[in-house]
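Asker: Numbering (UniProt numbering), first residue to last: 1 to 257.
Shown below is the structure under consideration.
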């Protein structure tokens with residue numbers, strides 16, 4: 001059993017996600033984008049300041065834990081039993097364009113297994129949270145996925161990592177297959193937003209292709225605790241999250257056996 005109070009860890013993660021989200025909202029009109037890493041990816045001073053804020057508090061409260069953040073990488077012992085995954089400003093491209101589709105993702109893992117997850121929709125003040133085995137909540141109220149309609153009448157979300165090129169054959173094949181079979185394929189370019197939509201049943205499924213771990217691990221825990229099933233391809237590049245009633249059909253479309 002974990003020797004960490006998971007409810008306290010969840011509450012801290014919610015508090016930190018909300019502070020980071022408030023910081024982003026406050027600076028939304030003035031944040032300037034700088035190029036980062038893969039083509040098309042950007043960073044702002046808000047990403048960096050928010051990650052520093054989150055990591056500093058986690059390090060103070062849990063000095064024996066490691067923090068893996070999108071902006072500054074691993075802080076702490078690489079062999080630490082507990083590791084926090086942090087995306088301080090998910091959806092930075094949307095953010096600098098003035099679109100309010102951005103958020104914060106914070107996850108606590110023990111030896112690679114997620115125990116606590118928080119996804120915060122910054123612009124709308126919605127905090128989705130989960131503790132493994134204890135269900136999912138939205139601003140403290142339990143949430144559960146609704147049974148979906150047939151596949152040709154549902155909206156599904158598509159996510160892909162920045163390393164995926166426009167000419168990636170596997171990505172193109174999956175995306176076209178989803179477009180042919182579903183009512184609509186949503187592309188927010190902000191996993192935090194998609195996870196919230198999944199948890200409350202606004203979208204019936206999400207397919208993620210070659211995304212970073214901080215984009216997926218915590219959100220998948222929230223979705224699972226809200227009633228979704230999660231499948232991963234053998235090579236780990238595709239993650240499918242969907243209501244159990246349609247996941248088999250979607251797995252066939254995505255090529256997951």
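Using N, Cα and C, we set each Cβ at its ideal position, and we do this for glycine too.
Keep in mind it's a predicted model, so treat the numbers as computed, not measured.
Where does residue 158 fall in DSSP's three states?
Answerer: Three-state result, residue 158: strand.
Asker: Thinking just about the alpha-carbon of each residue, which of 30, 167 and 106 is nearest to the one in residue 57?
Answerer: Of 30, 167 and 106, the residue nearest in Cα terms is 106.
Asker: Take the Cβ of residue 114 as the centre, count every other Cβ of all protein chains shown within 10 Å, and call the residue buried at 16 or more, exposed below.
Answerer: Buried is the call here.
Asker: Using only the heavy atoms of the ligand ADP, determine whether one of them is closer than 7 Å to the beta carbon of residue 77.
Answerer: Of the ligands one can find in the structure shown there are none, so the ligand ADP has no counterpart to examine.
Asker: Which of the three DSSP states is assigned to residue 238 in this structure?
Answerer: Strand at residue 238.
Asker: In chain order, what residues of the same chain lie with their CB nearer than 7 Å to the CB of residue 244, ignoring the 5 residues before and after it?
Answerer: Closer than 7 Å at the Cβ level, and outside the excluded window around residue 244, lie 229.
Asker: Run through the segment 112–175 for me and flag every whole beta strand (DSSP E) of 3 or more residues, listed as ranges in chain order.
Answerer: Runs of the beta strand (DSSP E) inside the segment 112–175: 113–121, 126–131, 136–138, 141–143 and 155–160.
Asker: So, is residue 225 buried or exposed, given that buried needs 16 or more other C-beta atoms within 10 angstroms?
Answerer: Buried, by the Cβ-count rule.
Asker: Can you check whether the CB of residue 117 is closer than 8 Å to the CB of residue 219?
Answerer: Yes, these two residues count as a Cβ contact at 8 Å.
Asker: With 16 as the cutoff for other CB atoms within 10 Å, does residue 180 come out buried or exposed?
Answerer: Its Cβ having fewer than 16 others within 10 Å, residue 180 is exposed.
Asker: Could you tell me whether the segment 13–27 touches the segment 124–137, using the rule of 3 or more Cβ pairs below 8 Å?
Answerer: These segments touch.
Asker: Let me check one thing: in DSSP terms, what residues is residue 82 bridge-paired to?
Answerer: Answer is 110.
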